[in-house]
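See structure below.
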Amino acid sequence: MTATVIDGKAFAAKVRAKVGTHVARLKDEHGITPGLAVVLVGEDPASQVYVKMKGKMTKEVGMLSLEYRLNADAAEDDVLRLVADLNANPEVHGILVQLPLPKHMEEAKVLAAIDPAKDVDGFHISNVGLLATGQKAMIPCTPLGCLMMLRDHHGDLSGMNAVVIGRSNIVGKPMAQLLLGDSCTVTIAHSRTRDLAEVVRRADIVVAAVGRPRMVGAGWIKPGATVIDVGINRTDDGLVGDVDYAPVAEVAGAITPVPGGVGPMTIACLLANTVTACCRANDLAEPD
Ligand code: NDP
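Quick note on the working numbering: the sequence shown kicks off at 134 and runs consecutively.
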C-alpha cells in the first residue's frame, strides 16, 4: 500500500478534546452548558445506533444531551410541536432531527421548522443559502468533517481539481460548496454522469458519497490523488465504503478508511457545531 491513511478516528478524538475544552470554559467562565437535543422518530436500527452514539459523545464532552423518541406512527404535528418547544428552550442550543423520517412525514417541512440558529445539521434552507452564498452558516457535519481532513492533509486546497460523486442535499451538494469555498475546481458527478471513471481520473481530490459498495475502483484514480470515502454500506463482509479500499490505496496518495474515516468526524463536527451555536446564541467568541 502506498497511500497515507487519513485516520478519521484519531482526528475526531482531537476535535472532541478541543470541543471538551471549550465546553469547560463556557461553564467555568460564563455558567453556560451547551445543550444538544436529538429527536428520533421510529425504530430504524441504524438511526438508533447513531442516536445512541451521539448521546454518549455529547455527554463525554460535558454537554447537556437530551433525547426524544417518538413512535413510528406519531403524527407530523407531534414532531413539529416538539421542535417548536426545543426552539423555545434556552437550554437547547442544537437540535437534530434524525433522518430518515417515516414516510408519512414531509422531511423538508420538519427541517424548515427548526430554528436556523439551532440547526446543527445545517439542513435548514437558510443555512443552505448562507453556505451557498459564502456567508456564516451552520455547515452540515459530514462534509465539514471531510473538509477538515482535507485541509489538515493538504493545507491550502486552492486550484485543486475536486470531484464529488453524489449530489444529495446532506452530503454531495454541501461538500461541493465547501470545496468551491476553498477555491477548488469542483465537478459534481451523479448517476447520470457520462464516463464517470474518466471524470474521476482528472481529480486531485475525490469524495465518494454514493452508497454503492466498492464502486470506485483503482483504475478511476489519478496516481497520488486524495480519496475521501463517505459511503457506509452494510455487506456480507461487514461495513465497507464506496471505494474499493485495498486496490485504490495502491494508487492514491491518501485515503480514508471505512470504518474509522469520515464517520467519526461527522459526530465530532456535530458537537463542534453545537458549541458554535451556543457561542453565537450568547454573543461569545466561537471556537476556530
Ligand atoms: P443518497 O442516496 O441521497 O445520494 C446518493 C448519490 O449518489 C445520488 O446523488 C446519486 O445520483 C448518486 N449515485 C447513485 N448511484 C450512482 C452511480 N452508479 N454513479 C454515480 N452516482 C451515483 O445518499 P447520501 O448522500 O445520503 O449518502 C451517500 C453515502 O454516504 C451512503 O452510503 C450513506 O450511508 C453515507 N453517509 C455517511 C455518513 C457518514 O457519517 N460517514 C453520513 C451520511 C451519509 P442521483 O442523484 O442521480 O440519483
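Each residue gets a CB set at the ideal place from its N, CA and C atoms; glycine is no exception.
All figures in this text were calculated on a predicted structure; none of them were measured in a lab.
### Query
Taking 8 Å as the cut-off, is the CB of S198 close to at least one heavy atom of the ligand NDP?
no
### Task
Buried or exposed for R327, please, with buried defined as at least 16 other CB atoms from any protein chain shown within 10 angstroms of its CB.
exposed
### Message
In whole angstroms, give me the CA-to-CA distance for A265 and Q310.
### Response
6 Å
### Query
DSSP three-state call for A180: helix, strand or coil?
For clarity, residue 180 is Ser in the given sequence; the question names Ala instead. Correct three-state label for S180: helix.
### Message
Rounding to the nearest angstrom, what Cα-Cα distance links L329 and R347 in this structure?
### Response
14 Å
### Message
I'd like the list of long-range same chain contacts for T409, defined as Cβ closer than 6 Å, with 5 residues on each side in sequence excluded.
### Response
E419
### Query
Using a threshold of 8 Å, is the CB atom of S259 nearer than that to any non-hydrogen atom of the ligand NDP?
no
### Query
What whole-angstrom Cβ distance do G305 and I321 have, given they're in contact under 8 Å?
6 Å
### Message
Three Cβ pairs or more, each shorter than 8 Å: is that satisfied between the segment 227-236 and the segment 368-380?
### Response
no
### Query
Shortest alpha-carbon distance to A341 belongs to which of R300, A179, V230?
R300
### Query
Which residues have a Cβ closer than 7 Å to any heavy atom of the ligand NDP, listed in chain order?
T275, I298, G299, R300, S301, I303, V304, G305, A322, H323, S324, R325, T326, L329, A342, V343, G344, R345, M348, V363, G364, I365, N366, D375, V395, G396, T399
### Task
State the CB to CB distance for the pair L404 and T191, rounded to an integer number of angstroms; the pair is presumed to be in contact (CB under 8 Å).
6 Å
### Task
Could you tell me whether the Cβ atoms of L197 and T166 are closer together than 9 Å?
yes
### Task
Using a threshold of 9 Å, state whether the C-beta atoms of V333 and I354 are closer than that.
yes
### Task
Counting only the same chain and skipping the five closest in sequence on each side, list residues whose C-beta sits under 6 Å from that of D428.
Residue 428 cannot be examined here, being either before or after the span of the chain that is shown, 134 to 421.
### Message
Quick check: the Cα distance between D177 and Y183, rounded to an integer number of angstroms?
### Response
10 Å
### Message
Using the Cβ count rule (16 or more neighbours within 10 Å means buried), how would you classify H163?
### Response
exposed
### Query
Residues in its own chain within less than 7 Å of P356 by CB, not counting five upstream and five downstream?
V384
### Query
According to DSSP, is P311 helix, strand or coil?
With the sequence shown as reference, residue 311 is identified as Leu, and Pro is not the correct amino acid for it. Three-state DSSP puts L311 in a helix.
### Task
Return the chain-ordered list of same chain residues with a C-beta closer than 7 Å to the C-beta of G267, the five sequence neighbours on each side being excluded.
G314
### Task
May I ask which residues mark the beginning and end of the beta strand (DSSP E) holding S198?
197-203
### Query
Are the beta-carbon atoms of A136 and V360 separated by less than 9 Å?
yes
### Task
Tell me whether M429 is buried or exposed, calling it buried when 16 or more other Cβ atoms sit within 10 Å of its Cβ.
The question about residue 429 has no answer, for the chain in this structure spans 134 to 421.
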